[in-house]
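**Q** Heads up: take any position in the sequence shown, counting from 1, add 1, and you land on the working numbering.
Questions regarding the structure given below will be posed in turn.
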Amino acid sequence: MKNKTIIAKCCYETLSKALYGLLIMNHNARSVPLFNFKIIPMDLKDILTHVKEINEYSKDNFIIENFNITIKENMINGVKPFLRKEFIRIITPPKNTYTPEVIALMDNILWMDPSSEFEVDVIKPKKPNKYYETYVKRFVTHESYSADTLQLFETLVNKLFDLKVDVPPPDACIKASIFRTLINKNIYSWRRLLSNLLNGTLGADEDVTNYFMNESEIISHIEWIEDFEAASPLMYAKDNRIMTSPAFFEDKTTILPYIIPYFEFSYLPPAFTDGLIVLSR
């Protein structure tokens, strides 16, 4: 029974992420065939096997019936909270004192709990534990972030939610795919850079060469990005060093195309992310 609950909960969460992605692009989306998603056969089997349980979890947001998902009107209200959670997940606080393994363990405990409200006491250790306290301050109370950073998250969430959606040109999407590949090639280094920029621990024209393992490779990536219309460069090369660009500090929403490759839209195809990268500029 417990395993059945876990599988159904996981399917519900994964489908929700995909639907939130669709709602970013189309606030009025109300119906989508299940087979329109990019779902591996094993996951599709789990979804079809546990439809009843998934529908119980999702009854306020969507219903699966006859291989079709009907999206309820009020699911749009969950898009902004979903985006806020994604920013908290992606952007590390200034003082990161826990290991990825500890966070993964606690995160699993959270999503396996089928209750709608998270109770901190559920995972509270019997003895004082710095990892627990740090986890709660990041993911529950958000006090690990400054007020300025949280306000910046809100600005970015609102920009994504209020996007003027249009069909992006095919050539721009092809370039966005290349851009996404460049970010993914050094995904942890870029993530550290993005976190420090959004947390205000980096200024303009600062040397960040040591963020990356291969500076010559990154310099070539920077040069390519300079010609990519959908993203303002966050860095520039100077005397074989990598420096932060003033562009972010002139308009902090220019960071969005760099963050979108980290979003978990689950069953949506990569082309969706590429289109969102282009439109977010």
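Note that beta-carbon positions come from the ideal geometry of N, C-alpha and C, so glycine has one too.
If you run the structure through DSSP and keep just helix, strand and coil, what is T245?
**A** To locate residue 245, count along the sequence shown from 1; it is residue 244. Looking at T245 - three-state DSSP - the assignment turns out to be strand.
**Q** Suppose the cutoff is 7 Å on Cβ atoms and the five residues either side in sequence are ignored; what does the same chain contact list for H28 look like?
**A** Against the sequence shown, residue 28 aligns to sequence position 27. Correct list, in chain order: I77.
**Q** For the beta strand (DSSP E) that Y212 lies in, which residues bound it at each end?
**A** What you label residue 212 is simply residue 211 of the sequence shown in a count that begins at 1. Where Y212 is concerned, there is no enclosing beta strand (DSSP E), given that its DSSP letter is neither H nor E.
**Q** Specify whether the stretch 226-245 and the stretch 158-165 touch according to this definition: at least 3 beta carbon pairs, one from each stretch, less than 8 Å apart.
**A** Contact between the stretch 226-245 and the stretch 158-165 is absent, because fewer than three Cβ pairs lie under 8 Å.
**Q** Rank I256, I40, D167, L277 by C-alpha distance to the C-alpha of S178 and give the top, closest one.
**A** The residue you call residue 178 lines up with position 177 of the sequence shown. Cα-wise, what sits closest to S178 is L277.
**Q** Would DSSP call V166 helix, strand or coil?
**A** For the purposes of this step, residue 166 is taken as the residue at position 165 of the sequence shown. In this structure, V166 counts as coil in the three-state DSSP scheme.
**Q** In whole angstroms, what separates the C-alpha of C296 from that of A272?
**A** It is not possible to answer for residue 296, since the shown part of the chain is limited to 2 through 282.
**Q** If I measure Cβ to Cβ from F249 and keep anything under 8 Å in the same chain, skipping five residues before and after, which residues do I get?
**A** On the sequence shown, residue 249 is found 248 positions in, with the first residue counted as 1. Result list for F249: L198, A205, S233, L235, T255, I256, in chain order.
**Q** What is the DSSP secondary structure of F273, counted as helix, strand or coil?
**A** Sequence index remark: in the sequence shown, residue 273 carries index 272 (1-based). Reduced to three states, the DSSP call for F273 is helix.
**Q** Considering only the alpha carbon of each residue, which of Y58, I72, D47, L157 lies closest to I92?
**A** Taking the sequence shown and counting its residues from 1, one reaches residue 92 at position 91. Measuring from the Cα of I92, the nearest candidate turns out to be L157.
**Q** Considering Cα atoms alone, identify which of E14, A148, S190, S246 is closest to E227.
**A** As a working note, residue 227 is residue 226 in the sequence shown. Per the Cα distances, S246.
**Q** For A19 versus Y212, is the C-beta spacing smaller than 9 Å?
**A** Here residue 19 corresponds to residue number 18 of the sequence shown, with the count starting at 1. Here residue 212 corresponds to residue number 211 of the sequence shown, with the count starting at 1. For A19 and Y212, no; Cβs fall outside 9 Å.
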